[in-house]
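What follows is one structure encoded as structure tokens, with my remarks underneath.
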Amino acid sequence: MVVKVYGPDFASPKRVIVCLIEKEIEFETVPVDLLKGEHKQPEFLKLQPFGTVPVVQDGDYTLFESRAIIRYYAEKYKSQGTDLLGKTIEERGLVENWLEVEAQSYNPPIFALTLQILFSPKLGFPRDENLIEESEEKLAKVLDIYEERLSKSKYLAGDCFSLADLSHLPFTQYLVGPMGKEYMIKSRKHVSAWWDDISSRPSWQKVLQLYSAPV
Ligand SMILES: N[C@@H](CCC(=O)N[C@@H](CS)C(=O)NCC(=O)O)C(=O)O
Numbered sequence: 000m001v002v003k004v005y006g007p008d009f010a011s012p013k014r015v016i017v018c019l020i021e022k023e024i025e026f027e028t029v030p031v032d033l034l035k036g037e038h039k040q041p042e043f044l045k046l047q048p049f050g051t052v053p054v055v056q057d058g059d060y061t062l063f064e065s066r067a068i069i070r071y072y073a074e075k076y077k078s079q080g081t082d083l084l085g086k087t088i089e090e091r092g093l094v095e096n097w098l099e100v101e102a103q104s105y106n107p108p109i110f111a112l113t114l115q116i117l118f119s120p121k122l123g124f125p126r127d128e129n130l131i132e133e134s135e136e137k138l139a140k141v142l143d144i145y146e147e148r149l150s151k152s153k154y155l156a157g158d159c160f161s162l163a164d165l166s167h168l169p170f171t172q173y174l175v176g177p178m179g180k181e182y183m184i185k186s187r188k189h190v191s192a193w194w195d196d197i198s199s200r201p202s203w204q205k206v207l208q209l210y211s212a213p214v
């Protein structure tokens, strides 16, 4: 059964797609135009009652929440493609640790920056300069902690690339690209080397080549 991924042009679905590519899982994509409100239509809400992308359909099995989806596929196909969960339970614990850091500490400020800087013109609301400043400060503090962590290990959860690193790809790509804030990464030596490494993986390069960004 080919996995169907909804909303491939947006960042959170790209988190899922890069994982499927790393795991060598066949998939197809279904476009959902958020800028036209397609994610709030009754048909879509039957699949994802909160009206956000991604959703995946795998036969008659449906999942949403990008990090739940990547955990599911990394576990289900543990021995296929790249191992993204670690070899021991202790390694797995560290992957979960840093995956949660991404979700709870990294994502909120970078998501706010994305919405304010990239999407506000398209969605028709004014930029909140205070929120932008505050979010950049919060993100900088998180990146300082990453700098320290990455001075001790090559990847966030240890010596191997894992879901914890992968989960950072889509929104950090916005940060260094269209948001014009590459300096936040480049000014931190170890974060910069980590970003160059993870963003040059063939899986991520393929995502960028296949799916254009909506803004
Ligand atoms: N926690 C969710 C967040 C999903 C999310 O916010 N997706 C954005 C696109 S990147 C979206 O659908 N936004 C539309 C909206 O919130 O109305 C996940 O990781 O799947």
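Read in order, the letters of the sequence shown correspond to residues 0 to 214 in the numbering used here.
We treat Cβ as the ideally placed atom computed from N, Cα and C, and that holds for glycine.
At a cut-off of 6 Å, is residue i close to ligand 1 when judged by its beta-carbon and the heavy atoms of the ligand?
i      : result
Val52  : yes
Ser104 : no
Leu209 : no
Phe9   : yes
Glu64  : yes
Leu33  : yes
In this structure, what does DSSP give as the bridge partners for residue i?
i      : result
Asp195 : Per DSSP, none; premise fails for Asp195.
Tyr5   : Val29
Hey, residue i and residue j are a contact pair by Cβ (cut 8 Å); roughly how many whole angstroms apart?
i      : j      : result
Asp289 : Val100 : Because the chain here runs from 0 to 214, residue 289 falls outside it and cannot be looked at.
Leu168 : Ile197 : 6 Å
Leu93  : Ala156 : 4 Å
Val52  : Phe9   : 5 Å
Val190 : Leu165 : Not quite, the Cβ-Cβ distance comes to about 16 Å (not below 8 Å), so this is no contact.
Lys22  : Tyr76  : 5 Å
Val54  : Leu46  : 5 Å
Cys20  : Val141 : What sits at residue 20 in the sequence shown is Ile, not Cys. Not a contact, Cβ separation roughly 26 Å.
Phe160 : Thr81  : 7 Å
Gln115 : Leu138 : Their Cβ separation, rounded to whole angstroms, is 12 Å, which puts Gln115 and Leu138 out of contact at 8 Å.
Pro201 : Leu117 : Not quite, the Cβ-Cβ distance comes to about 26 Å (not below 8 Å), so this is no contact.
Residue i CB to nearest chain C CB: under 7 Å?
i     : result
Phe43 : As a matter of chain content, chain C is missing from the structure shown, which is built from one protein chain.
Sorry if obvious, but does the Cβ on residue i come closer than 6 Å to a heavy atom of ligand 2?
i    : result
Val4 : Questions concerning ligand 2 fall outside what the structure shown contains, since the ligands it does hold are ligand 1.
For the region 94 to 175, which segments carrying the alpha helix (DSSP H) assignment without a break, of at least 4 residues, lie completely within its bounds, in sequence order?
Correct list: 106 to 112, 119 to 122, 128 to 149, 162 to 165 and 168 to 175.
Quick check on the DSSP output: what are the complete beta strand (DSSP E) runs of length 3 or more inside the region 21 to 86, in order along the chain?
Listed in chain order, they are 26 to 29, 54 to 57 and 60 to 63.
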